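**Student:**
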Amino acid sequence: MELSDLYDAFVASKGISTDTRSITPGSIFFALKGANFNGNEFAGQALEDGAVLAIIDEEKYSGPNRVLVHNSLDTLQELAKFHRQQLSIPVIGLTGSNGKTTTKELMYAVLCCRYKTLATKGNLNNHIGVPLTLLNIRDEHEMAIIEMGANHQGEIAFLSSICKPDIGYITNFGLAHLEGFGGKEGVIKGKSELYAFLRANQKKVLVNADDPIQMEKTEGLERFTFGMDEKDHDLHFKSINPADPFLALEYEGLAFRSNLTGKYNASNLAAAISIGKYFDVPLDKAQEAIANYHPTNNRSQVQETERNTLVVDAYNANPSSMEAALRNFAEFPGNPKWVILGDMFELGEYEAEEHNRIAKLLTELNLNEAILIGKAFMTTTAGNPTKFETTEALLDYLKQVKPEGCTILIKGSRGMRLERTLEYL
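If you want our numbering, it's the 1-based position in the sequence shown plus 444.
Structural data, given as structure tokens:
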């Protein structure tokens, strides 16, 4: 089957399915493969459950309504690229080390005030998630926000070639995925592949002008800038009441009050307001959207339990986001203050250095209790924190001590599953 014929079948279908546990009747099933599964083995099941076509790359199923291709994933990506070429709506490409998902959700909230907008769901931002997101764009959509993640060089260039953004934004260059990128310079080079695409295709870029590296890397591009310093930006923001635990910014005399904590979220909030301004969203509508947005999925969430106030940021962690969260928490109201920190993953040769740096930072902050969890944090030497090798051991400890009346920061890499602590706090 030619790609154009497959595309015709896609347009007539109910979309794409890749998991037989959630087949959409009338969809096209793509048999993808992973370390512990082979979708080719479930092609027959997918068709029985309502798929109209199965794209396979192994002869595991020989019945009707199947198309044998060289590689199912490659075909999915090519189909998404073909679909993108048919679209005339603006596509925003978003990447960065920290804050991608929060920024995407804020942008989505603002743009939805005026446009029928599609955005990446959750963090489906990789070589599978980006094509699937693009293939969810339908005729009724007027705007799309595509989040792109990466843990090695070349990945953003590849994803950009699929989603072909009309305007791009990089949240920041941080110490994330150091193992795959090979250090901070590798992170900058890898994330800047978005800028390379925008430059080669004469597209626009949204830039946080307070970040000198971003300004350097976007030199020569058509920029739409924002910032909080006194320089000449397209949009200039001011902080409102920095002592308030919840972030608020002022722009053109309007107060944009959010449910976000942390100064590190200021640029995320400003970027969302800026993209709304760029696409002519009325400021009062953007203001309302920001006020109504609440972070989810354990990202910078403030939760009140019967016993404590929790700042839950347990979805992910890297050295940059960990340091920012700790410095912000040190200024957060409420005492006594506890921190529960889990290991940061994918640091490679930088693992010991970065975990020791965070442990040392804890000794400089005014905290009442510091608890470190994981094999990497177990090897740190600074200070005198309470340490546990596993989250299970931490849970046993919390069952015994039952902290009460505390303000507690919870942060760690997703694999540490620190959200399990919530029921004991």
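Note that the Cβ used here is the ideal one computed from N, Cα and C, for glycine as well.
The structure presented is a predicted model; accordingly, all values stated were derived computationally and were not measured.
Mind listing, in chain order, the continuous beta strand (DSSP E) runs of no fewer than 3 residues lying wholly within the stretch 602-682?
**Tutor:** Segments of the beta strand (DSSP E) lying fully in the stretch 602-682: 611-614, 648-652 and 666-671.
**Student:** What are the boundary residues of the alpha helix (DSSP H) that T545 is part of?
**Tutor:** For the purposes of this step, residue 545 is taken as the residue at position 101 of the sequence shown. From DSSP, the alpha helix (DSSP H) with T545 extends over K544 to L555.
**Student:** Classify Q745 as helix, strand or coil using the three-state DSSP reduction.
**Tutor:** As a first step, residue 745 is located in the sequence shown; it is residue number 301 there, counting from the start. Of the three classes helix, strand and coil, the one that applies to Q745 here is strand, per DSSP.
**Student:** Check V535 in the structure and name its three-state DSSP category.
**Tutor:** For this step, residue 535 is matched to residue 91 along the sequence shown. Reduced to three states, the DSSP call for V535 is strand.
**Student:** One question on the structure: do K809 and G856 come within less than 7 Å of each other, judged by their Cβ atoms?
**Tutor:** By 1-based counting over the sequence shown, the position of residue 809 is 365. By 1-based counting over the sequence shown, the position of residue 856 is 412. Reading the sequence as shown, one finds Leu at residue 809 and not Lys. The answer is no: Cβ separation not under 7 Å.
**Student:** Rounded to the nearest angstrom, how far is the Cβ of L562 from that of I581, given a contact under 8 Å?
**Tutor:** Taking the sequence shown and counting its residues from 1, one reaches residue 562 at position 118. Taking the sequence shown and counting its residues from 1, one reaches residue 581 at position 137. That belief holds up - the Cβ atoms of L562 and I581 are roughly 5 Å apart, short of 8 Å.
**Student:** Which ranges would you report for the alpha helix (DSSP H) in the stretch 684-724 if only whole runs of at least 4 residues count?
**Tutor:** Runs found: 710-722.
**Student:** With respect to the alpha helix (DSSP H) encompassing G786, which residues constitute its N-terminal and C-terminal limits?
**Tutor:** As a first step, residue 786 must be located in the sequence shown, where it is residue number 342. From DSSP, G786 is part of no alpha helix (DSSP H) but of the beta strand (DSSP E) over K781 to G786.
**Student:** Can you name, in chain order, every residue of its own chain whose Cβ lies under 6 Å from the Cβ of A769, other than the five neighbours on each side?
**Tutor:** Taking the first residue of the sequence shown as 1, we reach residue 769 at position 325. Excluding sequence neighbours, A769 sits near D757 and K855.
**Student:** Given R861, which residues of its chain have a CB within under 7 Å of its CB, disregarding the five upstream and five downstream residues?
**Tutor:** Locating residue 861 in the sequence shown gives position 417, where the first residue counts as 1. The residues are T835.
**Student:** Quick one: grab the DSSP three-state call for L497.
**Tutor:** Mapped onto the sequence shown, residue 497 falls at position 53. The answer is strand: DSSP assigns L497 an E or B state.
**Student:** Cα separation between R701 and S636?
**Tutor:** Here residue 701 corresponds to residue number 257 of the sequence shown, with the count starting at 1. Here residue 636 corresponds to residue number 192 of the sequence shown, with the count starting at 1. Spanning the two alpha carbons is a distance of roughly 31 Å.
**Student:** Given that a residue counts as buried once 16 or more other Cβ atoms are within 10 Å of its Cβ, and exposed if not, what is Q529?
**Tutor:** Within the sequence shown, the letter at position 85 stands for residue 529. With fewer than 16 other Cβ atoms within 10 Å, it is exposed.
**Student:** Looking at V845 and L811, is the spacing between their C-beta atoms short of 7 Å?
**Tutor:** As a working mapping, residue 811 is identified with position 367 in the sequence shown. As a working mapping, residue 845 is identified with position 401 in the sequence shown. Not a contact, by the Cβ cut-off of 7 Å.
**Student:** Tell me which same chain residues have a C-beta within less than 6 Å of the C-beta of P534, skipping the five on either side of it?
**Tutor:** Indexing the sequence shown from 1 puts residue 534 at position 90. Only M587 and D610 meet the Cβ criterion.
**Student:** If you scan the stretch 454-517 from start to end, which runs of the beta strand (DSSP E) of 3 or more residues do you find wholly inside it?
**Tutor:** Within the stretch 454-517, the complete beta strand (DSSP E) runs of at least 3 residues are 472-474, 497-500 and 510-512.
**Student:** Leaving aside the five residues before and after G849 along the sequence, list all residues of the same chain whose C-beta is less than 8 Å from its C-beta, in chain order.
**Tutor:** Walking along the sequence shown from the start, residue 849 turns up at place 405. Excluding sequence neighbours, G849 sits near R751, N752 and P780.
**Student:** If distances are taken between C-alpha atoms only, which option among N567, K560, L578 and L550 comes closest to Q521?
**Tutor:** As a position in the sequence shown, residue 521 is number 77, starting the count at 1. Looking at the Cα atoms, L578 is the closest of the given residues.
**Student:** Who pairs with T823 in a beta bridge, going by DSSP?
**Tutor:** Position 379 of the sequence shown, counting from 1, holds the residue named residue 823. Looking at the DSSP assignment, T823 forms no beta bridge with any residue, so it has no partner.
**Student:** Quick check on the burial criterion: 16 or more other C-beta atoms within 10 angstroms. Buried or exposed for T749?
**Tutor:** On the sequence shown, residue 749 is found 305 positions in, with the first residue counted as 1. Per the 10 Å Cβ criterion, exposed.
**Student:** Answer with buried or exposed for R510, where buried requires no fewer than 16 other C-beta atoms within 10 angstroms of its C-beta.
**Tutor:** Walking along the sequence shown from the start, residue 510 turns up at place 66. Buried, by the Cβ-count rule.
**Student:** Out of G593, G697 and H571, which one is the CA nearest neighbour of K548?
**Tutor:** By 1-based counting over the sequence shown, the position of residue 548 is 104. Among G593, G697 and H571, the Cα nearest to that of K548 is on G593.
**Student:** By how many angstroms is the C-alpha of N567 removed from the C-alpha of D787?
**Tutor:** Working through the sequence shown from its first residue, we reach residue 787 at position 343. Working through the sequence shown from its first residue, we reach residue 567 at position 123. Their backbone Cα atoms lie some 20 Å apart in a straight line.
**Student:** Determine the direct distance from the alpha carbon of F690 to that of E629, and round the result to whole angstroms.
**Tutor:** In the sequence shown, residue 629 corresponds to position 185, counting from 1. In the sequence shown, residue 690 corresponds to position 246, counting from 1. The straight-line gap from Cα to Cα measures roughly 33 Å.
**Student:** Note the first and the last residue of the continuous beta strand (DSSP E) segment covering I854.
**Tutor:** On the sequence shown, residue 854 is found 410 positions in, with the first residue counted as 1. Unbroken beta strand (DSSP E) run through I854: T851 to K855.
**Student:** Flag this pair as yes or no: are the beta carbons of N736 and G543 separated by less than 7 Å?
**Tutor:** To locate residue 736, count along the sequence shown from 1; it is residue 292. To locate residue 543, count along the sequence shown from 1; it is residue 99. Not closer than 7 Å, so no.
**Student:** Where does the unbroken alpha helix (DSSP H) through D840 begin, and where does it stop?
**Tutor:** The count along the sequence shown starts at 1 and reaches residue 840 at position 396. Note, D840: alpha helix (DSSP H), T835 to V845.
**Student:** Looking only at its chain, what residues have a beta carbon closer than 8 Å to the beta carbon of M551, apart from the 5 residues adjacent to it on each side?
**Tutor:** For the purposes of this step, residue 551 is identified with residue 107 of the sequence shown, where counting begins at 1. Answer for M551: I536, L538, A563, I589, A715, A716, I719 and G720, listed in chain order.
**Student:** Please list, in chain order, all residues of the same chain as Y722 whose beta carbon is under 6 Å from its beta carbon, the five residues on each side excluded.
**Tutor:** By one-based count along the sequence shown, residue 722 stands at place 278. Cβ within range, chain order: F668.
**Student:** Report buried or exposed for I684, applying the criterion of at least 16 other Cβ atoms within 10 angstroms of its Cβ.
**Tutor:** On the sequence shown, position 240 is the one that residue 684 refers to. I684 comes out exposed.
**Student:** Please identify the residue among N652, A653, C607 and G618 whose C-alpha is closest to the C-alpha of L638.
**Tutor:** Indexing the sequence shown from 1 puts residue 638 at position 194. Residue C607 is the option with its Cα nearest to L638.
**Student:** Which whole-angstrom value is the C-beta distance of S541 and G618, which I expect to be below 8 Å?
**Tutor:** The residue labelled residue 541 in the question sits at position 97 within the sequence shown. The residue labelled residue 618 in the question sits at position 174 within the sequence shown. Right, their Cβ atoms sit about 3 Å apart.
**Student:** Terminal residues of the continuous alpha helix (DSSP H) containing D757?
**Tutor:** Translated into positions along the sequence shown, residue 757 becomes position 313. Note, D757: premise wrong, no alpha helix (DSSP H); beta strand (DSSP E) at T753 to D757.
**Student:** Between which residues of its own chain and M659 is the CB-CB distance below 7 Å, once the five residues before and five after are set aside?
**Tutor:** Within the sequence shown, numbered from 1, the residue matching residue 659 stands at position 215. So the qualifying residues of the chain are V651 and A653.
**Student:** For A498 and F481, which I take to be in contact (beta-carbon distance under 8 Å), what is that distance rounded to the nearest angstrom?
**Tutor:** Translated into positions along the sequence shown, residue 498 becomes position 54. Translated into positions along the sequence shown, residue 481 becomes position 37. Not confirmed; about 15 Å, so no contact.
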